[in-house]
Amino acid sequence: MKNYTSIKDISSLSDIIKEAILIKMNPFEYSELGKNKTLVMLFFNSSLRTRLSTEKAAKNLGMNVMILNIDKAWNLEFEDGAIMNMSTSEHIKEAAKVISQYADIIAVRAFPSLVDKAKDELEIILNSFRSYATVPIINMESSTAHPLQALADAMTISELSKKKTQKVVLSWAPHPKALPHAVANSFVTMIQQLGVNFEITHPEGYELNPEITKNTRINYNQEAALKDADFVYVKNWSSYKDYGKVLIENPKWMMTKAKLGNAKFMHCLPVRRNVVVEDAVLDSEQSVVIEQANNRTFAAQVVLKRILENL
Ligand code: CP
1 MKNYTSIKDI SSLSDIIKEA ILIKMNPFEY SELGKNKTLV MLFFNSSLRT RLSTEKAAKN
61 LGMNVMILNI DKAWNLEFED GAIMNMSTSE HIKEAAKVIS QYADIIAVRA FPSLVDKAKD
121 ELEIILNSFR SYATVPIINM ESSTAHPLQA LADAMTISEL SKKKTQKVVL SWAPHPKALP
181 HAVANSFVTM IQQLGVNFEI THPEGYELNP EITKNTRINY NQEAALKDAD FVYVKNWSSY
241 KDYGKVLIEN PKWMMTKAKL GNAKFMHCLP VRRNVVVEDA VLDSEQSVVI EQANNRTFAA
301 QVVLKRILEN L
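Right under this line is the structure:
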């Protein structure tokens, strides 16, 4: 693997899931692979799970890890030909090359503005690092994708699947803030390759990018969509069409124990209790959110392992 910026960088989802599960069984098997190699993690936005699980994964492989919160560094300029007489102090062209001298792999987290759809879809920060860095790049959640989360989710579903064909539902949930589409996008892209019976349920107006959902079944009736589900992945996202807007705050879409039936409850975390999902779900055996978060380490570790093997 050269880079991991999208689910599309995975050649075989089933093979990488199997490898991640093997790594989970013996996490220190490759503890020499990353010796004298350095992972630099750059955070333009906050993180709990991604930061700690990726650091843990790198250390399991024997790597050194350096972390930089970008708000503590120089304000970066991304525009080619910019006259830098305003607030930016350093151009990405220098910054990415400089960081590449300290790193064998660079991981980047950079969320969208949720104001300018066209600009967000250009993935300027992530793609600038891909263009100007001289080492592999890992996406730790960008404007439109969260492939490390999706890989951990795929692992979790594979581990917990009890029958051959699973019904998986992605169910929109209310949230007071406008949230990005990245988790939902990567989950959809991943699940389309997993060979499960999949549908998405959300209120009208919350359609995701049709280039991502393609011909996935969309059901505006949450109760009908959830019928006989084995896994229910709950996530809020803001409107894609009316970009970045919160159209409704309908509490009826919150996930409840009654709606969940016998399904497993999935969420990437962090989650707002009793807004997105009621306590009774999160506090039940049906919730697998802690397992998902645990699998973040092994998803990151299999990605780092494959990139290290390709250096
Ligand atoms: N799920 C996830 O990416 O969590 P963090 O934002 O805490 O990294």
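Each residue of the sequence shown is one higher than the one before, starting from 1 at the first, in our numbering. The C-beta atom is built at its ideal place from N, Cα and C for all residues, glycine as well. Because the structure is a prediction, the values reported are computed rather than measured.
Per the C-alpha coordinates, the member of Thr-5, Trp-253, Ile-16 and Leu-311 positioned closest to Thr-156 is Ile-16. DSSP places Leu-42 in the uninterrupted beta strand (DSSP E) bounded by 38–43. Per the coordinates, the alpha-carbon of Val-65 lies some 44 Å from the alpha-carbon of Ala-258.
The nearest non-hydrogen atom of the ligand CP is 7 Å or more from the C-beta of Arg-272. A direct Cα-to-Cα measurement between Asn-215 and Phe-187 gives close to 15 Å. 8 Å or more divides the Cβ of Ala-173 from the Cβ of Asn-85. Annotation note: the region 171–208 contains the following uninterrupted alpha helix (DSSP H) runs of length 4 or greater, listed N- to C-terminal: 182–191. When Cβ pairs closer than 8 Å are counted between the two stretches, the region 119–128 is seen not to touch the region 150–166, the count staying below three.
When the five nearest sequence neighbours on each side are left out, the beta carbons in the same chain lying within less than 7 Å of the beta carbon of Ala-58 are those of Gly-34, Leu-39, Val-65 and Leu-304, in order along the chain. Relative to the ligand CP, the nearest heavy atom lies less than 7 Å away from the CB of Gln-149. Counting along the chain, the unbroken beta strand (DSSP E) around Asn-64 starts and ends at 64–69.
The beta carbon of Glu-291 sits closer than 8 Å to the beta carbons of Thr-156, Glu-159 and Leu-160 from its chain, once the five residues preceding and following it are set aside; these are given in chain order.
If you draw a straight line from the Cα of Ala-103 to the Cα of Ala-96, it comes to about 10 Å. Less than 8 Å separates the beta-carbon of Asn-209 from that of Tyr-240. Proximity of the beta carbon of Thr-50 to the ligand CP is indicated: a heavy atom of the ligand is located closer than 7 Å.
For Thr-201 against Val-169, the beta-carbon gap comes to about 6 Å, under 8 Å, which counts as contact. In this structure, the ligand CP has a non-hydrogen atom nearer than 7 Å to the beta-carbon of Ser-47.
When only Cα atoms are considered, Ser-14 and Met-190 end up about 11 Å apart. Taking 7 Å as the cut-off, one finds no heavy atom of the ligand CP near enough to the beta carbon of His-202. DSSP places Leu-61 outside both helix and strand once states are collapsed to three, so it counts as coil. Shortest gap from the CB of His-146 to any heavy atom of the ligand CP: under 7 Å. With respect to the C-alpha of Met-41, the residue from Leu-52, Glu-32 and Ser-31 having the closest C-alpha is Leu-52.
Beta-bridge partners assigned by DSSP to Glu-285: none are found. Straight-line spacing of the CA atoms in Glu-141 and Ala-300 works out to 12 Å. Within 7 Å of the C-beta of Leu-269 there is at least one heavy atom belonging to the ligand CP.
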